[in-house]
Each structure stands twice: as structure tokens, then as C-alpha cells.
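One structure is given below, encoded as C-alpha cells.
Protein chains: 2
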Amino acid sequence: MHELSVIVTIQDVAARARVSAMTVSRVINSPARVAPTTRQRVEQAIQELHYVPNALATGLVKGRTRTIALIVSDISNPFFTIVVRGVEDVAQRNGYTVILGNSDESFEKERQYVTALLSKRIDGLLIAPASGDSRATLDMVSRRGSPYVLIDRDIDGVIADSVTGDNIGGATILTGHLLSLGHRRIGLINGQRDVPTARDRRRGYEAALREHGITPDPALIIESSYRREEGYRAMQQILALPLERRPTAIFASNNFLAVGAIEALRAANLAVPADIALVCFDDIELASALDPFLTVVSQPARSFGTIAAQFLFERLDGDVGRQPRRVVLTPELIVRRSCGAQLVRRAE
Amino acid sequence: MHELSVIVTIQDVAARARVSAMTVSRVINSPARVAPTTRQRVEQAIQELHYVPNALATGLVKGRTRTIALIVSDISNPFFTIVVRGVEDVAQRNGYTVILGNSDESFEKERQYVTALLSKRIDGLLIAPASGDSRATLDMVSRRGSPYVLIDRDIDGVIADSVTGDNIGGATILTGHLLSLGHRRIGLINGQRDVPTARDRRRGYEAALREHGITPDPALIIESSYRREEGYRAMQQILALPLERRPTAIFASNNFLAVGAIEALRAANLAVPADIALVCFDDIELASALDPFLTVVSQPARSFGTIAAQFLFERLDGDVGRQPRRVVLTPELIVRRSCGAQLVRRAE
DNA sequence: TTGAAAGCGCTAACAT
DNA sequence: ATGTTAGCGCTTTCAA
Numbered sequence: 003m004h005e006l007s008v009i010v011t012i013q014d015v016a017a018r019a020r021v022s023a024m025t026v027s028r029v030i031n032s033p034a035r036v037a038p039t040t041r042q043r044v045e046q047a048i049q050e051l052h053y054v055p056n057a058l059a060t061g062l063v064k065g066r067t068r069t070i071a072l073i074v075s076d077i078s079n080p081f082f083t084i085v086v087r088g089v090e091d092v093a094q095r096n097g098y099t100v101i102l103g104n105s106d107e108s109f110e111k112e113r114q115y116v117t118a119l120l121s122k123r124i125d126g127l128l129i130a131p132a133s134g135d136s137r138a139t140l141d142m143v144s145r146r147g148s149p150y151v152l153i154d155r156d157i158d159g160v161i162a163d164s165v166t167g168d169n170i171g172g173a174t175i176l177t178g179h180l181l182s183l184g185h186r187r188i189g190l191i192n193g194q195r196d197v198p199t200a201r202d203r204r205r206g207y208e209a210a211l212r213e214h215g216i217t218p219d220p221a222l223i224i225e226s227s228y229r230r231e232e233g234y235r236a237m238q239q240i241l242a243l244p245l246e247r248r249p250t251a252i253f254a255s256n257n258f259l260a261v262g263a264i265e266a267l268r269a270a271n272l273a274v275p276a277d278i279a280l281v282c283f284d285d286i287e288l289a290s291a292l293d294p295f296l297t298v299v300s301q302p303a304r305s306f307g308t309i310a311a312q313f314l315f316e317r318l319d320g321d322v323g324r325q326p327r328r329v330v331l332t333p334e335l336i337v338r339r340s341c342g343a344q345l346v347r348r349a350e
Numbered sequence: 003m004h005e006l007s008v009i010v011t012i013q014d015v016a017a018r019a020r021v022s023a024m025t026v027s028r029v030i031n032s033p034a035r036v037a038p039t040t041r042q043r044v045e046q047a048i049q050e051l052h053y054v055p056n057a058l059a060t061g062l063v064k065g066r067t068r069t070i071a072l073i074v075s076d077i078s079n080p081f082f083t084i085v086v087r088g089v090e091d092v093a094q095r096n097g098y099t100v101i102l103g104n105s106d107e108s109f110e111k112e113r114q115y116v117t118a119l120l121s122k123r124i125d126g127l128l129i130a131p132a133s134g135d136s137r138a139t140l141d142m143v144s145r146r147g148s149p150y151v152l153i154d155r156d157i158d159g160v161i162a163d164s165v166t167g168d169n170i171g172g173a174t175i176l177t178g179h180l181l182s183l184g185h186r187r188i189g190l191i192n193g194q195r196d197v198p199t200a201r202d203r204r205r206g207y208e209a210a211l212r213e214h215g216i217t218p219d220p221a222l223i224i225e226s227s228y229r230r231e232e233g234y235r236a237m238q239q240i241l242a243l244p245l246e247r248r249p250t251a252i253f254a255s256n257n258f259l260a261v262g263a264i265e266a267l268r269a270a271n272l273a274v275p276a277d278i279a280l281v282c283f284d285d286i287e288l289a290s291a292l293d294p295f296l297t298v299v300s301q302p303a304r305s306f307g308t309i310a311a312q313f314l315f316e317r318l319d320g321d322v323g324r325q326p327r328r329v330v331l332t333p334e335l336i337v338r339r340s341c342g343a344q345l346v347r348r349a350e
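Line order of the protein sequences matches chains A and B. Position one of the first sequence corresponds to residue 3 (the numbering used here), numbered consecutively onward. Position one of the second sequence corresponds to residue 3 (the numbering used here), numbered consecutively onward.
So this is what it looks like as C-alpha cells:
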């Protein structure tokens, strides 16, 4: 490097190319409006000085940052990992940068993130809200005038574009699958009550039961949160029931919960499906490739990301009406013979 | 909302509280230097107007943004997912925002990200470089004067703090494990040659073989990239060998490659370890919980993130010398009896 | 086709 | 304890 100053401004480039800062700005933003020879001089100066425009200054004056944010509720969930990919692709095609945030299902962490992002003047937000309480947080965003799109989870009273899955339908199908196999006592290991997906998955589960003339048994419904340890604990709790009340099948409302449940079963030397059947909402990616024997309802995660991003960019371009658009994507039942029996045998 | 203007500036707050903008600024940045009564008036105005400072303006004048970036090479790899968690925790404790980027092992995508981030004037960077070529990209960062820390992958000739794993050692242990089980013909399914971790894992593999008087057989070494499909393809290629040349064991240098390899084996109706043994570098998280029978070398991913972030913040605080610090974390061998035999039986 | 002036929202440095 | 001034790096507007 020849330069001593690490920070190169548009003025430095202008001086080197013997033009005004305005001309440099034009070369960057509308090259056509600059004479070819001048342009070349400027471009050379930019190269030589390794000039990188200061996006803070540009954002300040233009009022736009060409940046959107994506806040997911759990970055370690393969579902969201795929959503991220979808969003990134669409954003890149539109020339936007994505700031990715992970709320870890924490309302407080989510609020902090959103505040920081508003402060950074992002142009728009894609968010899988941590809980129903996120409404207040989203109101901050509306107030700022930034558009946002809800992903995976709708929130009552929030009027915005959204891309969600048919959680009631998926849960109904999955529970129906168990019922059609002859199960009558089906347990539900669910996420937090106030997470919209959990609420709907429970609704679907109960609806399917009632349709078959079965009254949901509160003792068979355990609600905690979408985490592996909770799945483990919930399963233990279910196993503590007297044998005649114990369910013959389990519906885990999330992939992590299912994995936790299987671990608890294994610890208790019980086999899936020999001793107890198990299905879950959302696929488990790598795991289902390795041990392809768990029946699941799988969601088109990538589409969640691409459609939501599409919606957001349309709002940013202003070429869409006032009324919110709500897309509900249909999950797909993937029937696999459950694993577990063999695992236990081998573990012995 | 009573306000019509969506954009609230410090001037608006100042007017409402009947003070100067400077006083508002002081209330926000050094509350102690403002009289309690004044402060209260200002704080109330801030509340009422829902004022959120413009970080673009602040960053422009202060020359710091309190933002760092983390670029990982594959966001869908559970290893990096855990790294993200570690980084986020340390950043949050230090009052920094994290911009997460996913280069998807693409050098070009990485370069674009870094340029955008420099333009946004991030204070520092944590990066798992896509390849050895990333050096030029990192030079841009040094030139800007921003510190960065390498995660997971060191790069020749780059002088910076780094947190990596002992890839040679881990691969040696893993290969040694297979040798100790009596295997003599061991295949390697590896990532890209120019990815530092892949290069070192191969070195460890070859070192272990040589130590046991075995000359590595090029026909048993397949190098592609760290992706499931490539693992599948590589395994197919190995299975195409005449029986007497076919390896009795496989070392997959990455979790994704291992999963792909197992899928190929299953498709060929071959069982692990009955027909062929398999071990891999990096654990497979959920999958190993579900089917806990694959021997792996597991890395302390969280520590990769926390230590790297720690290093970066120390540089930002300036309380550390010029010479780079290099930490090499030791992976842990987790011996599990391999799955596969049962899978195939069940699949039949 | 190019440049000069003004200002985006904030804070450092210097008053008062 | 509070206010005034100037300027961070860029672009918009207007002028030449």
C-alpha cells in the first residue's frame, strides 16, 4: 500500500482525479452522465486508492440503506437455516444486504435486536416473531415507517404481509395418520402456548381427535418450549403415567422436541414404534437422512424465505397496495417407518 | 400515535424538551453530566416521541458503529450454527450488534459480503474463510484498518488472530481408530483441496497411514467439496472400484460428506459397519442424537465463537499487542458403534 | 458535462 | 449545567 491514510474519502478520490466530489459521485451512481475520459480518470483513482464509499454517509443523505434484516427465532433449527438461504438469494438478486439476527425464542433479545436495527435504519424487516408479545416490538417498526413481513408465525392483531405454514392442517394430518394406524391414546409434546405455531398445532391435534370421537386428555398434553431438553423432560413426564393411561403414540410438535423425546424413550429402554409410536412436525434434515424412519410433516422452508423476501421488496419498491397479503404454505406428509426399536436393541 | 412525522430526530426531542440537541445527546451518552430535572424532561420527550437515535449519523461522526460481522462458510452446518451462538453471546455482553453473513463456500459471495460490510463501516470481522484465496479479500479489511479474527480456517500468509481446530491431530486420531480396528484399506472422502481444514485432515489421514507402514492409495482418496451430494457421489465412485481394491473403511472429512456417503451405501444395500466402516470429522448433532452409532471427532464449536469474539473485542479495545494470537482447540474422539447394518435390513 | 453550496442527524470541541 | 459552531462523508439542488 502506498497510502498512509487508511480512510479514503470521496474527496481523496476527487483530488487524485482532478475533479469535484460530485463527479466522483456521479461516476459511482450514474456513470452515463459523465464524459468517458473523465470517468476513466475517476475509475482509475478509485482503484488506486481502494476507495470504498461510506454507506453511513450515503444512507444518511439518501434515507435508504439497501439493507434488510431477518430475525429468526432459532438459528440452530434446520428449518430456519433453509429460510435464511432463500432470503439471502432473493436479497442478493435485488442488491440488498441481509443482517441476520437470532432471537433464540427470547422476546427481550428480539426487542433489543429490533431497536438496534431501527437505529441502523434498515429498509425493511423479515421476522419469525418469538411470541405473541412481539406485537409491541413490531409496532415500533411500523411507527418508523419500515415495512415488515412475518415468517412462519402470524400474530393476532398485527396487520402485515405474512408467509406461514398450515399448522392446523399439518397437525390434523399427522394426528390423523396415527389414528388411522389404530392409536386412540395419543400424547402431544408441544411448544410454548403463546407461540402461534404451537397453538395451531395443538388445535389441529385436538380437531383430529374430536373428529374421531376422542376427547383430548389434558394429562397427555405437555406444553413447554421448542427445545430438545424440553422434549426429553416431557417424554419422561408422560412415561411417569400409570401404564393404562400411557399413550400408545406421541405427536411431537417440533423436530427438536421429537429428538428429545426419542432420547428419553431410549433412556427408558423403550422402542419406537414397537413400544410407542412417534411423529413430528418439521423434518429433521441430516437426521432423517441418516435414520430415515420417522414420519413427519415437512414444510417448504426455502419458499418461506423467498416469498417473504419477495413481498418485502415489492413493498420497498412501493408497487403494491395497502392491504396485507397472507400466504399459507401447505406442509407435506412424509410417511416413514419409525426408528427406535433397533436403536434400543443395539444400545443394550 | 399522535405524531405525523414518522422520522423523529434529536432536534424534535430537543424542541419538545425545550433544550438544545446537545443536551439530548448528553442524556443519551453521559446522563451524569445533565441536571436531574432536565434529564427527566428529556427522557420523557424521548419516550413520548419514540425517539430512536440514527446510528448512521452517530457512526459517521464517531467513526465507530459498535457493529461486528461474522461470516461463516455454511450456515446450515450445525458446527457454525453453534459458533454463531457463541459469538452472539459475547457480542451482546459487550454491547455490539452482529451482522451474520453466509458465504456458502463461495469466494465471490464472500468478497461481496466483505465489501458491503466495509462500506457499512463495521468495527471488526470474524470470518471462516471460504478458501485459501480469501487472502486478497482480507487484505481489503486490513487496509481499512479493521481488525479481524479467523475462525476454523487459517490462511497461509495472513497475519491475524485465529481460532482453529487441530485438524491434523483429529484426522490422525480418527484414522488411527480405524487402523486399530484392523482396517488396512481406508478411503478418504474429502472437501476441496484449497480449503485449509480439508488439506489438514488429509495430512492427518496420510500421516496415520504412513505411521502404520501403509502408503496412501490415490484411488481411495476423493476430494470434492463439503456437501452431502458430493459425499454421495464420492461414495458411489469408491463403490465402483473392483472388490479387491475397495476399502474396508471410510474416513469422511466432514459431517455432510458422511451423511451423503451413508445414503450412497444404503442405496447400494451396503451396511455400516458390517460391510464397510465409517467415521467422520465433526459431529452431526440431531442426527447423532437420533442414531447414536457413528464414531466422530467432535469440536468445541461454542468455544470457537466465544474465543474469537473475545480476541476481536480485545483488539477493538486496543488492549493487546501487535503480534497475532493463534489458538488451536483440540477435538474429542467420540467412539460409537456405527449404524447402517440395521438401517439396510429395515429398508429391505 | 461539471461544480458550488447546503444539509442529512449527530457529536467533539469549545464557549458561556 | 447548558449552548454554539463546525464538520463527519456523501448527495441533492441549483448554477455555470
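Yeah, the Cβ is synthetic: ideal placement off N, Cα and C, and Gly gets one too. Small disclaimer: the values here were computed from a predicted structure and weren't measured.
Cβ of residue i within 9 angstroms of any chain A Cβ
i	result
V15 of chain B	no
L245 of chain B	no
T139 of chain B	no
N256 of chain B	no
V322 of chain B	no
R123 of chain B	yes
Distance, residue j Cα to residue i Cα
i	j	result
R20 of chain A	P55 of chain A	18 angstroms
R212 of chain A	V100 of chain A	44 angstroms
M3 of chain B	L51 of chain B	Bear in mind that a pLDDT of 41 at M3 of chain B, under 50, signals an unreliable position, so the model cannot answer this.
R145 of chain A	A289 of chain A	43 angstroms
A23 of chain B	R66 of chain B	21 angstroms
G364 of chain B	S32 of chain A	Any question about residue 364 of chain B goes unanswered here, given that chain B covers just 3 to 350.
L180 of chain B	D202 of chain B	18 angstroms
H185 of chain B	R204 of chain A	51 angstroms
L183 of chain B	P218 of chain B	18 angstroms
G147 of chain A	P38 of chain A	40 angstroms
I351 of chain A	Q46 of chain A	Residue 351 of chain A is absent from the structure shown; chain A starts at 3 and stops at 350.
L314 of chain B	L128 of chain A	29 angstroms
E112 of chain B	D168 of chain B	24 angstroms
A1 of chain B	A118 of chain A	Coverage of chain B is limited to positions 3 through 350, which leaves residue 1 of chain B absent and any answer about it impossible.
G342 of chain B	A270 of chain A	Reliability fails at G342 of chain B, whose pLDDT of 36 lies under 50, so the model's placement of it is uncertain and the value that follows must be treated cautiously. Roughly 23 angstroms between the two C-alpha positions.
Chain-ordered chain B contacts of residue i [CB-CB under 8 angstroms]
i	result
T117 of chain A	V54
V357 of chain A	Because chain A is modelled from 3 through 350, residue 357 of chain A falls outside the range shown and cannot be assessed.
Closer than 9 angstroms to chain B by CB, residue i
i	result
L120 of chain A	yes
V29 of chain A	no
N271 of chain A	no
T297 of chain A	no
T426 of chain A	In the structure displayed, chain A extends from 3 to 350; residue 426 of chain A sits before or after that span and is not available.
Q49 of chain A	no
A291 of chain A	yes
Q114 of chain A	yes
Candidates the options, of which the one nearest residue i by Cα
i	options	result
G189 of chain B	B:A210, B:I224, B:G171 and B:R155	B:I224
A57 of chain A	B:V165, B:A289, B:L120 and B:M237	B:L120
V85 of chain B	B:A16, B:T166 and B:G307	B:G307
D154 of chain A	A:T117, A:S133 and A:E45	A:S133
I309 of chain A	A:I336, A:G178, A:V330 and A:Y228	A:V330
A273 of chain B	B:N257, B:F295, B:G215 and B:D284	B:F295
E110 of chain A	A:L280, A:I73 and A:V261	A:I73
N96 of chain B	B:S108, B:R327 and B:A311	B:A311
P249 of chain B	B:S300, B:I278 and B:R268	B:I278
D91 of chain A	B:T166, B:A209 and B:G103	B:G103
Beta-carbon neighbours of residue i, restricted to chain A and to distances below 7 angstroms
i	result
G61 of chain B	L58
V86 of chain B	I77 and N104
Contact set between residue i and chain B, taken where Cβ atoms lie within less than 9 angstroms
i	result
M237 of chain A	Per Cβ cutoff of 9 angstroms: no residues; M237 of chain A is ~13 angstroms from chain B at best.
P249 of chain A	By Cβ distance, chain B contributes nothing, its closest Cβ being about 20 angstroms from P249 of chain A, past 9 angstroms.
beta-carbon residue i near the ligand GDP non-hydrogen atom, thresh 8 angstroms
i	result
R327 of chain B	Of the ligands one can find in the structure shown there are none, so the ligand GDP has no counterpart to examine.
Interface residues of chain B facing residue i [CB-CB closer than 7 angstroms]
i	result
M24 of chain A	Correct list: empty, because the minimum Cβ distance to chain B is about 19 angstroms.
T99 of chain A	A118
E90 of chain A	N104
V261 of chain A	L288, A291 and L292
Amino acids of chain A, ordered along the chain, whose beta-carbon sits closer than 8 angstroms to that of residue i
i	result
I264 of chain B	A291 and L292
Sufficient close CB pairs (3 or more, under 8 angstroms) joining the stretch 278-287 of chain A to the stretch 245-263 of chain A = yes
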